[in-house]
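Sequences listed follow chains A and B, in order. Just so you know, we're using numbering that gives the first Met the number 0 here: the first sequence kicks off at 0 and counts up by one. Just so you know, we're using numbering that gives the first Met the number 0 here: the second sequence kicks off at 0 and counts up by one. Virtual Cβ for every residue (Gly too), placed ideally from N, Cα, C.
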Amino acid sequence: MTIIFDGRPLQVRAGQTVGAALAGAGIRSWRATRRNGRPRGLFCGIGACFDCLVTVDGQPGQRACLVPIREGMTVDRGHD
Amino acid sequence: MTEVAVVGAGPAGLAAAVYAAAGGLPVVLVDAGARPGGQYWRQPDPALGAARRRPIFTALEDHVRAGRIRYLPRAEVAVLEPGAPFRLHLSPVTADAPAPPETVTATDLILCPGGYDRQLPVPGWDLPGVLAAGGVQALVKGTRTVPGRRAVIAGTGPFLLPVATGLAAAGGRVVAVCEAGSPWRWARQAHRAALVPGKGLEALGYAAALARHRIPYRTRTVVTAVLGEEHVEGAVLARVDPAGNVLSGTSREVQVDLVAFGWGFTPSLELPLAAGVRTRLDIDGSLVVEVDRDQRTSVPRVRVAGEATGVGGAVLARLEGELAARSLVAEVHRKPLRASALRGRIRRLRAFARALHEAHPVPAAWSRWLTEDTLVCRCEEVPFAAVRHAVEELSATDPRTVRSLTRVGMGWCQGRVCANACARLTADLTHTALTADALRSTARRTLAAPLDLSRLARLDETLP
């Protein structure tokens with residue numbers, strides 16, 4: 000299965016969430032914090048912490064750990 | 000006409016929904032998950048192959064097919080309006096999820112919101128590659144994803160064991176499990192464990208799995224700092240005394256790219272608190288809901304089951320969910336409830352949970368591992384120095400005032416991750432004990448889940 004991450008195709012496994020797919024591909028952060036610009040990725044992994052926010056198919060502020068991947072979906076780095 | 004809303008489809012919520020439906024009550028079941036099971040009974044995506052089919056999943060399907068349970072997965076309760084009937088304003092968990100009905104009403108509530116890993120800030124815990132232990136478990140069990148190559152699992156409590164063995168079985172290398180407590184403390188409580196024999200076998204199973212994967216299990220050992228610039232590159236392990244003071248000369252660095260922390264669990268209390276229920280401080284330092292012997296809260300027609308009444312694991316949660324539903328069914332049908340065996344099992348499992356909590360306390364001196372620039376609040380990026388300043392220079396004596404002065408707990412997660420730690424820090428800095436009032440002061444969240452602004456605008460007209 001292929002998703003488009005930051006404009007580039009990324010091979011991922013069916014059955015993953017966006018967060019799992021990125022982490023599984025060795026991508027550990029996809030958001031910078033508002034104050035200090037620090038990198039953030041998965042933390043709680045179950046939708047409680049909002050650290051893993053990402054833009055999915057143009058929709059900002061999605062919890063990467065809760066969005067199931069779909070063929071061809073676009074995923075872009077999140078912003079606070 | 001009775002209509003029951005059950006929130007949460009983990010062990011407690013599933014049991015509550017199935018027993019309420021079996022008792023003839025119409026049920027709506029709201030759950031954030033894509034599949035029933037919650038965190039404990041997480042089912043992987045069907046694309047990953049067949050999972051263990053628990054009979055209760057089949058029971059749920061049967062009730063849904065027969066129209067007795069209206070099951071709303073991938074939906075969260077954003078706002079709970081108290082009163083009779085209760086109104087639950089729902090929100091899809093993510094933009095791609097099917098839109099749930101905007102509002103459901105119910106005459107009775109059974110709230111089974113579960114919980115999430117409790118965290119203690121340490122230097123470097125905000126680096127990518129630091130995950131909650133439950134998050135690692137969710138990735139491994141739910142998506143067969145291994146989020147790192149070399150891991151250390153640290154914190155306290157028996158949950159660290161399945162996380163470590165699960166990660167190793169999936170291909171991750173676990174260089175150590177760091178347990179802050181000591182098994183000797185546990186041994187002293189063993190007589191209570193004997194009341195629940197299955198638990199002893201479970202522990203033996205994990206011990207065997209640790210040995211099989213050659214995972215060192217280090218007691219009285221903690222991770223005092225996570226190392227790295229842009230992501231995790233290492234961790235500092237240290238031996239501690241029973242209070243959590245680092246023993247000099249015992250610190251050493253290990254190279255890892257994944258650190259999983261779990262210091263027990265924090266129950267999700269947003270919805271019970273929105274309903275107005277009475278709460279108390281549990282033995283593990285969590286704020287929990289007070290319930291009677293039938294899972295009734297202080298608010299009429301609101302029952303709570305599972306971790307929100309005190310962290311105690313999946314089996315206890317399932318039994319509490321069953322009791323909550325059966326007591327409601329009995330009440331509605333005006334029939335006596337015969338549940339002494341069920342209540343007895345709940346009592347024994349609760350005693351077992353208490354013994355576990357006593358054996359795995361948060362180390363009293365953990366705040367000494369912090370540096371001035373350690374972030375306490377990850378969202379608003381508030382360092383320990385700011386919390387200290389609020390208490391020592393600005394005379395804050397409670398977490399709510401600390402929050403107002405520093406913005407700790409005011410970001411995206413609304414304090415879910417740091418509120419418990421911040422209350423502990425405030426207590427430490429003011430040389431007082433952690434209290435239920437302190438935890439309550441920052442526990443209320445008007446919005447329990449994100450809600451579209453357009454929805455919020457419309458809600459404004461309906462809220463009292």
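Handout entry: Short CB-CB distance (under 8 Å) between A/Ile2 and chain B
Key = As a first step, residue 2 of chain A is located in the first sequence; it is residue number 3 there, counting from the start. Answer no: the Cβ-Cβ gap between A/Ile2 and chain B never drops below 8 Å.
Exercise for the section: Compute the distance between the beta-carbons of B/Trp124 and B/Phe260, then report whether it is under 8 Å. Expected result: As a first step, residue 124 of chain B is located in the second sequence; it is residue number 125 there, counting from the start. As a first step, residue 260 of chain B is located in the second sequence; it is residue number 261 there, counting from the start. In this structure, B/Phe260 lies closer than 8 Å to B/Trp124 by Cβ.
Handout entry: Proximal residues of chain A, C-beta to C-beta of B/Gly134 below 7 Å
Key = Residue 134 of chain B sits at position 135 when you count from the first residue of the second sequence. Simply Leu41, Phe42, Cys43, Gly44, Ile45.
Handout entry: Pairwise C-alpha distance: B/Ala77 and B/Leu464
Key = Any question about residue 464 of chain B goes unanswered here, given that chain B covers just 0 to 463.
Handout entry: Residue from B/Ala179, B/Val225, B/Ala395, B/Met409 whose Cα sits closest to the Cα of B/His430
Key = What you label residue 430 of chain B is simply residue 431 of the second sequence in a count that begins at 1. Comparing Cα positions, the closest option is B/Ala395.
Practice task
Report yes or no: is there a C-beta of chain B within less than 8 Å of the C-beta of A/Thr16?
Solution key: As a position in the first sequence, residue 16 of chain A is number 17, starting the count at 1. For A/Thr16, the answer is yes, since a Cβ of chain B falls inside 8 Å of its Cβ.
Handout entry: Residue-level contact to chain B via CB, A/Leu65, 8 Å cutoff
Key = In the first sequence, residue 65 of chain A corresponds to position 66, counting from 1. Yes, A/Leu65 counts as interfacial toward chain B.
Handout entry: C-beta atoms of B/Arg300 and B/Ala83 nearer than 8 Å
Key = Here residue 300 of chain B refers to the residue found at position 301 of the second sequence. Here residue 83 of chain B refers to the residue found at position 84 of the second sequence. Against a cut-off of 8 Å, the Cβ pair of B/Ala83 and B/Arg300 comes out as a contact.
Practice task
Report yes if the C-beta distance between B/Pro398 and B/Ala422 is below 8 Å; otherwise report no.
Solution key: Here residue 398 of chain B refers to the residue found at position 399 when the second sequence is read from its first residue. Here residue 422 of chain B refers to the residue found at position 423 when the second sequence is read from its first residue. Yes; because the gap between Cβ atoms is below 8 Å, this pair is in contact.
Problem - Reduced DSSP secondary structure (H/G/I, E/B, other) of B/Asp61 - result: For the purposes of this step, residue 61 of chain B is identified with residue 62 of the second sequence, where counting begins at 1. Three-state DSSP puts B/Asp61 in a helix.
Exercise for the section: Specify whether the segment 8-23 of chain A and the segment 380-393 of chain B touch according to this definition: at least 3 beta carbon pairs, one from each stretch, less than 8 Å apart. Expected result: no
Exercise for the section: Could you list the residues in the segment 398-414 of chain B with a C-beta less than 9 Å from some C-beta on chain A, going in chain order? Expected result: Gly410, Trp411, Cys412, Gln413
Problem - Inter-residue Cα distance where the pair is B/Phe464 and B/Asp30 - result: Only positions 0 to 463 of chain B appear in this structure, which leaves residue 464 of chain B out of reach.
Exercise for the section: Go ahead and label A/Asn35 buried or exposed: buried means 16 or more other beta carbons lie within 10 angstroms of its beta carbon, across all protein chains shown. Expected result: Here the question's residue 35 of chain A lines up with position 36 in the first sequence. Exposed: under 16 other Cβ atoms inside 10 Å.
Practice task
Only counting runs of 3 or more residues, tell me where the beta strand (DSSP E) segments fall wholly within the segment 213-295 of chain B, in order along the chain.
Solution key: 216-218, 220-226, 233-238, 251-254, 257-262, 264-266, 278-280, 286-288
Problem - Rounded C-alpha distance that separates B/Leu286 from B/Arg439 - result: What you label residue 286 of chain B is simply residue 287 of the second sequence in a count that begins at 1. What you label residue 439 of chain B is simply residue 440 of the second sequence in a count that begins at 1. So the two alpha carbons sit approximately 7 Å from each other.
Handout entry: Sheet register partners of B/Val381 (DSSP bridge)
Key = If you number the second sequence from 1, residue 381 of chain B lands on position 382. Answer is B/Cys376.
Practice task
Over the uninterrupted beta strand (DSSP E) stretch that includes B/Tyr115, give me the two end residues.
Solution key: Position 116 of the second sequence, counting from 1, holds the residue named residue 115 of chain B. Per DSSP, B/Tyr115 belongs to the beta strand (DSSP E) from 114-116.
Handout entry: Proximity below 8 Å, CB of B/Ala477 to CB of B/Leu424
Key = It is not possible to answer for residue 477 of chain B, since the shown part of chain B is limited to 0 through 463.
Problem - chain A contact residues for B/Thr249, given Cβ-Cβ distances below 8 Å - result: Translated into positions along the second sequence, residue 249 of chain B becomes position 250. None at all; the shortest Cβ gap to chain A is about 28 Å.
Handout entry: Residues sharing a beta bridge with A/Asp75, DSSP
Key = In the first sequence, residue 75 of chain A corresponds to position 76, counting from 1. DSSP lists A/Thr54 as partners of A/Asp75.
Practice task
Rounded to whole angstroms, what's the CA-CA distance from B/Val401 to B/His388? Just pull it up for me.
Solution key: Reading the second sequence from its first residue, position 402 is the one you call residue 401 of chain B. Reading the second sequence from its first residue, position 389 is the one you call residue 388 of chain B. Cα-Cα distance, rounded: 9 Å.
Problem - Through-space distance from B/Ile109 to A/Ile2, alpha-carbon basis - result: Taking the first residue of the first sequence as 1, we reach residue 2 of chain A at position 3. Taking the first residue of the second sequence as 1, we reach residue 109 of chain B at position 110. Approximately 39 Å between the Cα atoms of the pair.
Problem - Delimiting residues of the beta strand (DSSP E) encompassing A/Pro7 - result: Translated into positions along the first sequence, residue 7 of chain A becomes position 8. According to the sequence displayed, residue 7 of chain A carries Arg and not Pro. 7-10 is the extent of the beta strand (DSSP E) around A/Arg7.
Practice task
State yes or no: is the beta carbon of A/Ala22 nearer than 8 Å to at least one beta carbon in chain B?
Solution key: Indexing the first sequence from 1 puts residue 22 of chain A at position 23. Closer than 8 Å to some Cβ of chain B, the Cβ of A/Ala22 qualifies, so yes.
Exercise for the section: Report yes if the C-beta distance between B/Gln314 and B/Leu348 is below 8 Å; otherwise report no. Expected result: Here residue 314 of chain B refers to the residue found at position 315 of the second sequence. Here residue 348 of chain B refers to the residue found at position 349 of the second sequence. What sits at residue 314 of chain B in the sequence shown is Val, not Gln. Yes; because the gap between Cβ atoms is below 8 Å, this pair is in contact.
Exercise for the section: Flag this pair as yes or no: are the beta carbons of B/Asp256 and B/Gly147 separated by less than 8 Å? Expected result: Here the question's residue 256 of chain B lines up with position 257 in the second sequence. Here the question's residue 147 of chain B lines up with position 148 in the second sequence. Yes. Within cutoff.
Practice task
Can you say whether B/His332 is buried or exposed, counting buried as having 16 or more other CB atoms within 10 angstroms of its CB?
Solution key: Stepping through the second sequence from its first residue, residue 332 of chain B is reached at position 333. Burial call: exposed.
Problem - Contacting positions in the segment 62-77 of chain B - beta carbon closer than 9 Å to chain A - result: Arg73, Glu75
Handout entry: B/Ala8 versus B/Pro72 - alpha carbon distance
Key = Residue numbering aside, residue 8 of chain B sits at position 9 when the second sequence is read from its first letter. Residue numbering aside, residue 72 of chain B sits at position 73 when the second sequence is read from its first letter. Straight-line Cα distance between these residues: approximately 9 Å.
Practice task
Report the partner residues of B/Leu108 according to the DSSP bridge assignment.
Solution key: Taking the first residue of the second sequence as position 1, residue 108 of chain B is located at position 109. Partner(s): B/Ala4, B/Val301.
Problem - CB contact below 8 Å: A/Thr73 versus chain B - result: For the purposes of this step, residue 73 of chain A is taken as residue 74 along the first sequence, with counting starting at 1. Closer than 8 Å: no.
Handout entry: B/Pro35 to B/Leu13 span [Cα, whole Å]
Key = Locating residue 35 of chain B in the second sequence gives position 36, counting from the first residue. Locating residue 13 of chain B in the second sequence gives position 14, counting from the first residue. Taking the straight line from one Cα to the other gives about 8 Å.
Problem - Nearest-angstrom beta carbon gap, B/Leu355 and B/Pro157 [assumed within contact, 8 Å] - result: Taking the second sequence and counting its residues from 1, the one referred to as residue 157 of chain B is at position 158. Taking the second sequence and counting its residues from 1, the one referred to as residue 355 of chain B is at position 356. Confirmed, Cβ separation roughly 7 Å.
Handout entry: Cutoff 8 Å: A/Pro38 Cβ touching any chain B Cβ
Key = The count along the first sequence starts at 1 and reaches residue 38 of chain A at position 39. Yes, A/Pro38 counts as interfacial toward chain B.
Exercise for the section: For A/Gln61, name the three-state secondary structure that DSSP assigns. Expected result: For the purposes of this step, residue 61 of chain A is taken as residue 62 along the first sequence, with counting starting at 1. Strand.
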